[in-house]
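2 protein chains.
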Amino acid sequence: MAAAAFTDPQEAEQAFYDAFRRADLDAMMAVWAQDEEVFCVHPGGSRLSSLEAIRESFSQIFAAGPTMRFDIRAAQTLRGGLIAVHSVYEYISILGEGRPPTAVVATNVYANVGGGWRMVAHHGSLAGEQEAPVQAQPVPPPGLLH
Amino acid sequence: MAAAAFTDPQEAEQAFYDAFRRADLDAMMAVWAQDEEVFCVHPGGSRLSSLEAIRESFSQIFAAGPTMRFDIRAAQTLRGGLIAVHSVYEYISILGEGRPPTAVVATNVYANVGGGWRMVAHHGSLAGEQEAPVQAQPVPPPGLLH
Numbered sequence: 001m002a003a004a005a006f007t008d009p010q011e012a013e014q015a016f017y018d019a020f021r022r023a024d025l026d027a028m029m030a031v032w033a034q035d036e037e038v039f040c041v042h043p044g045g046s047r048l049s050s051l052e053a054i055r056e057s058f059s060q061i062f063a064a065g066p067t068m069r070f071d072i073r074a075a076q077t078l079r080g081g082l083i084a085v086h087s088v089y090e091y092i093s094i095l096g097e098g099r100p101p102t103a104v105v106a107t108n109v110y111a112n113v114g115g116g117w118r119m120v121a122h123h124g125s126l127a128g129e130q131e132a133p134v135q136a137q138p139v140p141p142p143g144l145l146h
Numbered sequence: 147m148a149a150a151a152f153t154d155p156q157e158a159e160q161a162f163y164d165a166f167r168r169a170d171l172d173a174m175m176a177v178w179a180q181d182e183e184v185f186c187v188h189p190g191g192s193r194l195s196s197l198e199a200i201r202e203s204f205s206q207i208f209a210a211g212p213t214m215r216f217d218i219r220a221a222q223t224l225r226g227g228l229i230a231v232h233s234v235y236e237y238i239s240i241l242g243e244g245r246p247p248t249a250v251v252a253t254n255v256y257a258n259v260g261g262g263w264r265m266v267a268h269h270g271s272l273a274g275e276q277e278a279p280v281q282a283q284p285v286p287p288p289g290l291l292h
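Protein chains in written order, with my numbering: chain Z, 1 to 146; chain P, 147 to 292.
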């Protein structure tokens, strides 16, 4: 939890999905700002408005272990000083299941807090299947970000 | 469409829900920034990434006329310079229907563009019914905002 903040919003986002893939609860919570104003909405869920509630939700999601795979696509960003808003499509697959990926559209908000960037909000919802994302902008592989 | 921008994010949000209530397409689009980076996700839908697609979606939503009533509650805000992020619960009722309101959780993003504030992103999703919002902060009536 005492990890350094991230140098830019993209690095924080990379860490968010890396923690998701690894089902690493401490790494996940290290991405979040230690702020009272954070919030998190999982697909189909209500808003979680405290770090404790967010931690508990990820603890439940990660209980099955590192079984989720994320293909992040079609990133779109808004940046205004100390806050950055990223919209991405998450194509989520579960290891060992042969089903096609589930498409989730996510709004991820990062803030520059204490000299570095952390997540302050995540809102995910199941995307309708009738439309594909118009703007496909593949996220560069991790090696290009460091 | 040439209306002045709003003096703060709360005023833009008020105009957004007023336009929704009145099913007024021009008023709705006047709330949005004339920016290529805007996006909009309606509950259960995919991401709309152009003003044209957003306008078309509201045209369809408003086709039935001013039948939607919004009770906006539990606002939570993040502010960082030129961008403000509001999370609200929308309790939506349809006039003439006796059903209980539908709960939508929405992330609304506003940007300071050209000296005033406009909406740059809206992400709504159906909220799970198992949990009520923890922080109930009723939005003041419109008269207090002007």
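Virtual Cβ for every residue (Gly too), placed ideally from N, Cα, C. On a predicted model such as this, the values are computed, not experimentally measured, just so you know.
- Sorting Z:R118, Z:E36 and Z:D26 by C-alpha distance to the C-alpha of P:Q222 places Z:E36 at the top.
- In the three-state scheme derived from DSSP, where H, G and I count as helix and E and B as strand, Z:S57 is classed as helix.
- In the DSSP assignment, Z:F39 falls within the beta strand (DSSP E) that extends over F39 to V41.
- Shown in chain order are the members of the segment 171-205 of chain P whose Cβ falls below 9 angstroms from a Cβ of chain Z: D181, E183, V184, F185, V187, H188, P189, G190, G191, S192, R193, L194, S195, S196 and A199.
- For the set P:I240, P:Y163, P:A210 and P:V266, the Cα lying nearest the Cα of Z:R79 is the one of P:V266.
- Closest in alpha carbon position to P:S233, among P:A151, P:Y256, P:G190 and P:E202, is P:Y256.
- At a cut-off of 8 angstroms between beta-carbon atoms, P:H232 makes no contact with chain Z.
- Any Cβ of chain P closer than 8 angstroms to the Cβ of Z:G115 would place that residue at the interface, and such an atom is absent.
- By the neighbour-count criterion, in which a residue is buried when 16 or more other Cβ atoms sit within 10 angstroms of its Cβ, Z:Q10 is buried.
- By the criterion of a C-beta distance shorter than 8 angstroms, P:S196 is surrounded in its chain by E182 and V184, once the five residues flanking it on both sides are discounted.
- Setting aside the 5 residues that flank it on each side, P:R215 is surrounded in the same chain by S239, each with a C-beta closer than 6 angstroms to its C-beta; the list follows chain order.
- Taking C-beta atoms as the reference points, P:I218 and P:Y163 count as a pair closer than 8 angstroms.
- For the segment 218-231 of chain P, the set of residues with a beta-carbon nearer than 9 angstroms to any beta-carbon of chain Z comprises A220, Q222, T223, L224, R225, G226, G227, L228, I229, A230 and V231, in chain order.
- Shown here, Z:E13 sits in a helix according to DSSP, grouped into three states.
- Closest in C-alpha terms to P:V250, from the list P:L241, P:E236 and P:G261, comes P:E236.
- The beta carbon of P:H188 sits closer than 7 angstroms to the beta carbons of S203 and G270 from its chain, once the five residues preceding and following it are set aside; these are given in chain order.
- Note that the C-beta distance between Z:G128 and Z:A5 is not below 8 angstroms.
- Cα atoms of Z:L48 and Z:V85: separation of roughly 18 angstroms, rounded to the nearest angstrom.
- The beta carbon of Z:G96 is closer than 8 angstroms to those of T67 in its chain, skipping five residues each way along the sequence.
- According to the DSSP assignment, Z:A27 belongs to the alpha helix (DSSP H) that extends over L25 to V31.
- Taking the Cα positions, Z:A12 is about 36 angstroms away from P:I207.
- With the criterion set as a beta carbon lying under 9 angstroms from some beta carbon of chain Z, the members of the segment 236-258 of chain P are A249, V251, A252, T253, V255, A257 and N258, in sequence order.
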